[in-house]
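Novice: Same order as they appear, the protein sequences are chains U and Z. Going by our numbering, the first sequence runs without a break in its numbering and finishes at 394. Going by our numbering, the second sequence runs without a break in its numbering and finishes at 394. From the three backbone atoms N, C-alpha and C, an ideal C-beta is built for every residue, glycine too. Small disclaimer: the values here were computed from a predicted structure and weren't measured.
There are 2 protein chains.
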Amino acid sequence: MKIAFLGPQASFTQLATAQLFPDEELLPQANILDCFHAVENGEVDKAVVPLENSIEGTVSMTLDYLYKTPEIKIEAEAVMPIAHHLMVHPDCKIEDIEKIYSHPQALAQSFHFLDDHFKEVTKQDFSSTAAAAKHVSENVDRNLAAVANQFAANLYGLKIIHRNIQDFEQNHTRFIVISKKKQAYHHEKLNILGEKSGLLITLPEDHAGGLHQVLSVFAWRKMNLSKIESRTLKTGLGNYFFFINVVGKWEPVLHENALEELKALDADVDFLGNYKEYLLES
Amino acid sequence: MKIAFLGPQASFTQLATAQLFPDEELLPQANILDCFHAVENGEVDKAVVPLENSIEGTVSMTLDYLYKTPEIKIEAEAVMPIAHHLMVHPDCKIEDIEKIYSHPQALAQSFHFLDDHFKEVTKQDFSSTAAAAKHVSENVDRNLAAVANQFAANLYGLKIIHRNIQDFEQNHTRFIVISKKKQAYHHEKLNILGEKSGLLITLPEDHAGGLHQVLSVFAWRKMNLSKIESRTLKTGLGNYFFFINVVGKWEPVLHENALEELKALDADVDFLGNYKEYLLES
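(1) Pick out whichever of U:208, U:242 and U:202 has its Cα sitting closest to the Cα of residue 229 of chain U.
(2) Note down, in chain order, each residue of its chain lying with its Cβ closer than 6 Å to the Cβ of residue 191 of chain Z, except the 5 sequence neighbours on either side.
(3) Return the first residue and the last residue of the beta strand (DSSP E) that residue 298 of chain U is part of.
(4) If we define contact as Cβ-Cβ less than 7 Å, is residue 238 of chain U a contact residue for chain Z?
(5) Tell me the rounded alpha-carbon separation between residue 178 of chain Z and residue 148 of chain Z.
(6) Using DSSP bridges, identify the partner residues of residue 386 of chain U.
(7) Would residue 193 of chain U and residue 394 of chain U be called neighbours here (beta carbons separated by less than 7 Å)?
(8) Which parts of the region 207-273 of chain Z are runs of the alpha helix (DSSP H), unbroken and 4 residues or longer, counting only runs that do not cross its ends?
(9) Examine the Cβ distances between the region 124-136 of chain U and the region 154-163 of chain U and report whether three or more of them are shorter than 8 Å.
(10) With 16 as the cutoff for other CB atoms within 10 Å, does residue 378 of chain U come out buried or exposed?
(11) Please check the pair residue 185 of chain Z and residue 384 of chain Z, which I expect to be a contact at CB under 8 Å, by giving their CB distance rounded to whole angstroms.
(12) Measure the C-alpha to C-alpha separation of residue 246 of chain U and residue 376 of chain Z and round it to an integer number of angstroms.
(13) Within 10 Å of its beta-carbon, does residue 335 of chain U have 16 or more other beta-carbons around it, so buried, or fewer, so exposed?
(14) Under 7 Å between the Cβ atoms of residue 214 of chain Z and residue 259 of chain Z?
(15) For residue 251 of chain U, decide whether its Cβ has a neighbour in chain Z, counting only Cβ atoms nearer than 7 Å.
(16) Under the three-state reduction of DSSP, which class applies to residue 354 of chain U: helix, strand or coil?
(17) What residues in the region 167-192 of chain U bring their beta carbon closer than 9 Å to a beta carbon of chain Z?
(18) Is the CB of residue 339 of chain U under 7 Å away from at least one CB in chain Z?
(19) Excluding the 5 residues flanking residue 264 of chain U on each side, which residues of the same chain have their C-beta closer than 6 Å to its C-beta?
(20) If we cut at 7 Å on Cβ distances, does residue 195 of chain U have a partner in chain Z?
(21) Helix, strand or coil: which one does DSSP assign to residue 391 of chain U?
(22) DSSP on residue 120 of chain Z, reduced to helix/strand/coil?
(23) From what residue to what residue does the beta strand (DSSP E) around residue 287 of chain U run?
(24) Whose Cβ in chain U lies nearer than 9 Å to the Cβ of residue 366 of chain Z?
(25) Alpha carbons only, please: which of U:386, U:354 and U:268 is nearest the one belonging to residue 360 of chain U?
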């Protein structure tokens, strides 16, 4: 099977994809749009893209493309703790590090460590943490360091000199597996955190309490929501759609009645699937 | 006055900041965290950061830092249409362009144009659209192009050869002006789109219908919501806070009663301010 993922090589998304699909052919894509295109055109079977809090992708694009391509559904969600490591070439003189490279958000997330230990060292933005690691590996004559993940250290032969330098222990990124086939993704060896459904709901017009009415459909059924996000439609400034996650297993009568009730409210509903949430390693 | 903004020079945020604060000293910051720090430490009076759909900042970080720094409030919101232009050095031979540089999301947003007109030309990721423009201006001997904004073209002396190459006309980025002082921002010459309030609401526990209860507070008062977004708390996987925009002017009795009712539900409420929404030029 061919699996597209948001690259470059050794990106956080590849770290997630390698755990979700250890035996498949993984194809890096330049951006989130290319991941959706690859699935849409049938060049790949599935793709893995960030859904929440990613360092190297504007995740609102994932919601927008899910909205624009109704034939693409969600097969699984995966949560990965973000771990940043400081790495150098094995020949580097650590006391002489002259520059630290990384993606601006990774530098921001490691702010306190870098400020405490490398206050005087120049920090330099790169387009991704992986590209920063690659750059360090290719410039051995200078004493450079990168903030990147374990995968990048392995791929580019760098030595980790400080592990877990991120400011918050509980920083997670969420990814989704997308495809056109609505197959249920299953992986025996990964930890399952739970089960949920994903829905995209467009309200007929922008009226007070419309969202409240929509949420009533779930509230009186005691269906819990774990995520809700409004996104502006491209048609104008005042129109919205909502991405909602409903917690729990698919129960045909309960869930189908809820979908029917949403349609009775004139809401346009794209049911993205009922799928499992997996916990990955950082 | 000193105003921090998410850099680098000629970023989309600078384009917004220059319109919001035409006569002030503007200080570029490497990332969103640094913008918050500069305000928190009193190094600047205000900062401008992206709130929604930004190309060059992971906007979920803005919500997280608003949550983490309750002393920082919102003074204004500004909406800017995103316009991407293809630009080259004036000496460039357009028919021989060998590489096109930009931020991966800007390349993605210009996909159809670039695919139609420059299918065979290599696209190369850069950490920002502005850095891509700078790179093109510094390598005159090669035939390079960048996808960036008008400001970058002016700053780096590049010639725009195709205007508005983005795929969707209605692509906007939203910015907010943040400060510790809760002053009302006012600009006479900019178009005002409306007025709104920003709230961060944390629910006491993750129970079914909790969000529905919170939204009831607004619904029965016919207060319209224009944005809602749930964010995971850093304390664990199952806890959330919500960012909500309530449309309209501040009406003391109505709004204060709503805030009281939210507190009666044991919700923790951070009122970020009532502020105007401005329309900027691209």
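Specialist: Taking the structure as given:
(1) Minimum Cα distance to residue 229 of chain U is reached at U:208.
(2) Cβ within range, chain order: 284, 286 and 391.
(3) Residue 298 of chain U -> no beta strand (DSSP E), and no H or E assigned at all.
(4) Closer than 7 Å: yes.
(5) Answer to the nearest angstrom: the Cα atoms are 8 Å apart.
(6) U:309, per the DSSP bridge assignment.
(7) The answer is yes: Cβ separation under 7 Å.
(8) The region 207-273 of chain Z contains these whole alpha helix (DSSP H) runs: 216-221, 223-229, 241-250 and 262-267.
(9) Segment contact: the region 124-136 of chain U against the region 154-163 of chain U, three or more CB-CB distances shorter than 8 Å; contact assigned.
(10) Exposed, because fewer than 16 other Cβ atoms sit within 10 Å of the Cβ of residue 378 of chain U.
(11) Beta-carbon to beta-carbon, residue 185 of chain Z and residue 384 of chain Z are separated by about 5 Å, close enough to satisfy the 8 Å threshold.
(12) Straight-line Cα distance between these residues: approximately 54 Å.
(13) Around the CB of residue 335 of chain U, 16 or more other CB atoms lie within 10 Å, so the residue is classed as buried.
(14) Between residue 214 of chain Z and residue 259 of chain Z, the C-beta spacing is below 7 Å.
(15) When Cβ-Cβ separations below 7 Å define contact, residue 251 of chain U makes no contact with chain Z.
(16) DSSP, read as helix, strand or coil, puts residue 354 of chain U in strand.
(17) Residues of the region 167-192 of chain U whose Cβ lies closer than 9 Å to any Cβ of chain Z, in chain order: 167, 168, 169, 170, 171, 172, 173, 176 and 191.
(18) Yes, residue 339 of chain U counts as interfacial toward chain Z.
(19) Correct list, in chain order: 122, 242 and 245.
(20) Residue 195 of chain U does not count as touching chain Z.
(21) Strand, per DSSP.
(22) DSSP places residue 120 of chain Z in coil when its eight states are reduced to three.
(23) Residue 287 of chain U -> beta strand (DSSP E) spans 284-291.
(24) Near residue 366 of chain Z there are no residues of chain U at all, since even the closest Cβ is about 12 Å away, more than 9 Å.
(25) Answer by Cα proximity: U:386.
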